[in-house]
Amino acid sequence: MKRSTIKTSLLLSVIIITSSISVSCVYFNTFYNAKMFFSEAEKMRAKKEGEFLGNNITDKYKKVIEKSNIVINNYPDSKYFDDALFLKGKAHYYRREYDLAEATFRTLLSANPEDYGILSEYWLALLKWKLGKPQPALEYLNQIIHRTDKKELLASIYQSQAEIFLELKQDSIAVSALEKAAELTKNRNDKGQIYYRLAELAREIQNYELAIDYYKNVIKFSYSNERILEANLKIVQRYRDLNDLQKASKEIQSMLIDPEFSKIHGDLELELAKLELTQNDNEAAVVTLEDIVVKYPKTEISAEAFYLLGEQSLLNKRDFVKADYYYKQIQRESSKSIFNQQGKIRIKELDKYQNSKNILEEINKIISLSDSSINDNENESIDTVKTVLELYSLGELEAFYFDQIDTSIIYFKQIINGFPDSELDAKAMYTLSYLYDQIADTSQSLKYKDMIVKKYAESEYAEHIRLNNKFKDYGVSRFALLSNAESLYSANSDSALIVYKNIADLSNSENAKRALLFIANEYNYILFDPDSAYKYYNQITVRFPESEQAKIAKDRLKYISINKTETTISNSE
Numbered sequence: 176m177k178r179s180t181i182k183t184s185l186l187l188s189v190i191i192i193t194s195s196i197s198v199s200c201v202y203f204n205t206f207y208n209a210k211m212f213f214s215e216a217e218k219m220r221a222k223k224e225g226e227f228l229g230n231n232i233t234d235k236y237k238k239v240i241e242k243s244n245i246v247i248n249n250y251p252d253s254k255y256f257d258d259a260l261f262l263k264g265k266a267h268y269y270r271r272e273y274d275l276a277e278a279t280f281r282t283l284l285s286a287n288p289e290d291y292g293i294l295s296e297y298w299l300a301l302l303k304w305k306l307g308k309p310q311p312a313l314e315y316l317n318q319i320i321h322r323t324d325k326k327e328l329l330a331s332i333y334q335s336q337a338e339i340f341l342e343l344k345q346d347s348i349a350v351s352a353l354e355k356a357a358e359l360t361k362n363r364n365d366k367g368q369i370y371y372r373l374a375e376l377a378r379e380i381q382n383y384e385l386a387i388d389y390y391k392n393v394i395k396f397s398y399s400n401e402r403i404l405e406a407n408l409k410i411v412q413r414y415r416d417l418n419d420l421q422k423a424s425k426e427i428q429s430m431l432i433d434p435e436f437s438k439i440h441g442d443l444e445l446e447l448a449k450l451e452l453t454q455n456d457n458e459a460a461v462v463t464l465e466d467i468v469v470k471y472p473k474t475e476i477s478a479e480a481f482y483l484l485g486e487q488s489l490l491n492k493r494d495f496v497k498a499d500y501y502y503k504q505i506q507r508e509s510s511k512s513i514f515n516q517q518g519k520i521r522i523k524e525l526d527k528y529q530n531s532k533n534i535l536e537e538i539n540k541i542i543s544l545s546d547s548s549i550n551d552n553e554n555e556s557i558d559t560v561k562t563v564l565e566l567y568s569l570g571e572l573e574a575f576y577f578d579q580i581d582t583s584i585i586y587f588k589q590i591i592n593g594f595p596d597s598e599l600d601a602k603a604m605y606t607l608s609y610l611y612d613q614i615a616d617t618s619q620s621l622k623y624k625d626m627i628v629k630k631y632a633e634s635e636y637a638e639h640i641r642l643n644n645k646f647k648d649y650g651v652s653r654f655a656l657l658s659n660a661e662s663l664y665s666a667n668s669d670s671a672l673i674v675y676k677n678i679a680d681l682s683n684s685e686n687a688k689r690a691l692l693f694i695a696n697e698y699n700y701i702l703f704d705p706d707s708a709y710k711y712y713n714q715i716t717v718r719f720p721e722s723e724q725a726k727i728a729k730d731r732l733k734y735i736s737i738n739k740t741e742t743t744i745s746n747s748e
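According to our numbering, the sequence shown is numbered sequentially starting from 176.
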């Protein structure tokens, strides 16, 4: 009997111990899986470097939360309870579930302030930032800095401060914080990532020498071969930015003969072509670019090479057919290329240019025909409008898109000399004065400014010249009259109407158009005087037939005429 009791006790003990071990294994395995999913998510997130996290990563964090919840809810007394809470809080944070993250970290802070107090406070500070309170977050982080001597935590705090400062557009303070983080962290990969961020910030503020120093630290500390190759390439680009072409060329040539850099040989050859372009060795650059599109087809490298070939054909060789071909190749080489949009814009510009050329050729053919059946006055009017528009379009493209100021000047002068009464005469003069300013030809610029002020004294172009010219006093404009009339109207509409009529009597100016339309609308809508309204609307169509005001006036004239007819019929009945 005694032996039987002993056996039973032993059996129960074994069952209890086995059950305990089994339960322990269950929650250990569950927590281990949570840690594994978190580690995988963190590696994937690190590669994103601040970009929006995709579903693959957020799903990993979701699994972290699910596994952690099993430990938290089913095994609250286990030694993994606090660790599971910590993993869960971070997972919620990266999934942008900020309210849930805050609740989790507050629970952890309450449950284990000794081990997780400062860590919980750090994450709660980040949550303040994410919930739209950057300044309190910075203050909270500053308080934590003075309460810990753990270098890795301090490095994380300085990194977080830097992110907040960058968001607040305080880049210089952000740089200082990142430098402290880089100095404190023992994690080589983190150090490499921080230096990369510093290098990119230095590049953005055009401190290229400092950027090079930071990129060298990226090479020194990074584990990622891709990041090391990228940093080497960036160093070459920064030497080019510094116009240290000799050093840039030396670096390129050194890496091109080294198989260790074979993955970026295409990028390096592209950099070589850019160096040749910078040195105005255009022929050599074209040869290099043509070689690139053959050696590295269907890549972003070949897409950029085609863009640069297009620029050479358009801007230097003036071979528009070839340029069009090159720009169209960009999309075919790589749909991801950042030069796709620029290529499409260039294609549209070339189409517009060719269309204007074709229209002018057709107009010239019509003008050259001595066909007596064509009404000369009508033909002249149509040809003038079309010709001036297309001449201006060509001049604009040459000056502001194709970098051909000399050619553009020819087109604008054709408008001024050949069509002095056109709607674009003043605009062409103003553009010429601007272009001559750009090439530092002050005398020619002043010549066209004088012409504008004399011929179009009340135009907005003349007003701009008066306000901004440093070389000559052009007197006072009548824009003040219009401004005074507008101010006066709210106090005394009758007095304002007299001022508007004085402005309307001025020469054919922009102010006169505006004043006439105001007067007509006043009589039409406020004073209910259709006869006077008709008179002033009609003046607009006679004096400014091609203006926007004339389009409005024509519509109102039709409406007034219809009303008059209906009123006459009604009265006769």
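Quick reminder that beta carbons are idealized off the backbone N, C-alpha and C, glycines included.
Note that the coordinates shown come from a computational prediction; the quantities given were computed from them, not determined experimentally.
Of the candidates D365, E338 and E342, the residue whose Cα lies closest to the Cα of A352 is E338. Secondary structure at E633: coil, using DSSP grouped into helix, strand and coil. Excluding five sequence positions before and after L535, the CB atoms of its chain that fall closer than 6 Å to its own CB belong to E565, given in chain order. Taking 8 Å as the upper bound for CB-CB distance, W304 and G264 are not in contact here, some 15 Å apart. The three-state secondary structure of T323, taken from DSSP, is coil.
In the DSSP assignment, T474 falls outside any alpha helix (DSSP H), carrying neither H nor E. Within the stretch 423-472, the complete alpha helix (DSSP H) runs of at least 4 residues fall at 440-453 and 457-470. When the beta-carbon positions are compared, G485 and Y471 stay at least 7 Å from each other. In this structure, the beta-carbon distance from S620 to S634 does not fall below 7 Å.
Approximately 14 Å separates the beta-carbon atoms of P311 and E342; this is outside 8 Å, ruling out the contact. In this structure, DSSP gives E375 a helical state, which the three-state scheme calls helix.
By the criterion of at least three beta-carbon pairs nearer than 8 Å, the stretch 584-596 is not in contact with the stretch 498-518. Excluding the 5 residues flanking it on each side, E475 has same chain C-beta neighbours closer than 7 Å at S509, K511 and S512, in chain order. Residue environment for A478: buried (at least 16 other C-beta atoms within 10 angstroms of its C-beta). Taking the CA atoms as reference points, P288 sits about 35 Å from Y371. Distance between A615 and S488, taken at the CA atoms: about 27 Å. With respect to F213, L262 sits close: the two C-beta atoms are nearer than 7 Å. For Y712, the uninterrupted alpha helix (DSSP H) run begins and ends at P705 to R718, by DSSP.
Between the stretch 367-381 and the stretch 398-412 there are three or more C-beta pairs closer than 8 Å, enough to call the two in contact. Sequence-distant Cβ neighbours of A349 in its own chain, meaning closer than 6 Å and more than five residues away, are A337, F340 and L341.
In this structure, DSSP gives Y576 a state outside helix and strand, which the three-state scheme calls coil. Counting the other CB atoms within 10 Å of its CB gives H267 a total of 16 or more, which places it among the buried residues. The C-alpha of Y482 is placed about 37 Å away from the C-alpha of T559.
Setting aside the 5 residues that flank it on each side, I522 is surrounded in the same chain by D499, Y502 and K503, each with a C-beta closer than 8 Å to its C-beta; the list follows chain order.
DSSP places Q506 inside the alpha helix (DSSP H), whose first and last residues are F495 to E508. Cβ atoms of L283 and L260 come within 8 Å of each other, at about 4 Å. Leaving aside the five residues that flank F577 on each side, the residues in its chain whose CB is nearer than 7 Å to its CB run, in chain order, L489 and L490. Rounded to the nearest angstrom, the Cβ distance from M211 to I232 is 15 Å, too far for a contact under 8 Å.
The straight-line gap separating the alpha-carbon atoms of P705 and Y698 is approximately 7 Å.
Below 8 Å, too few C-beta pairs join the stretch 456-471 and the stretch 429-437 to call them touching: fewer than three. The Cβ atoms of L302 and Y273 sit closer than 7 Å to each other.
Taking one beta carbon from each stretch, the stretch 378-387 and the stretch 412-424 have 3 or more pairs nearer than 8 Å; the two touch. Between L572 and Y528, the C-beta spacing is below 7 Å.
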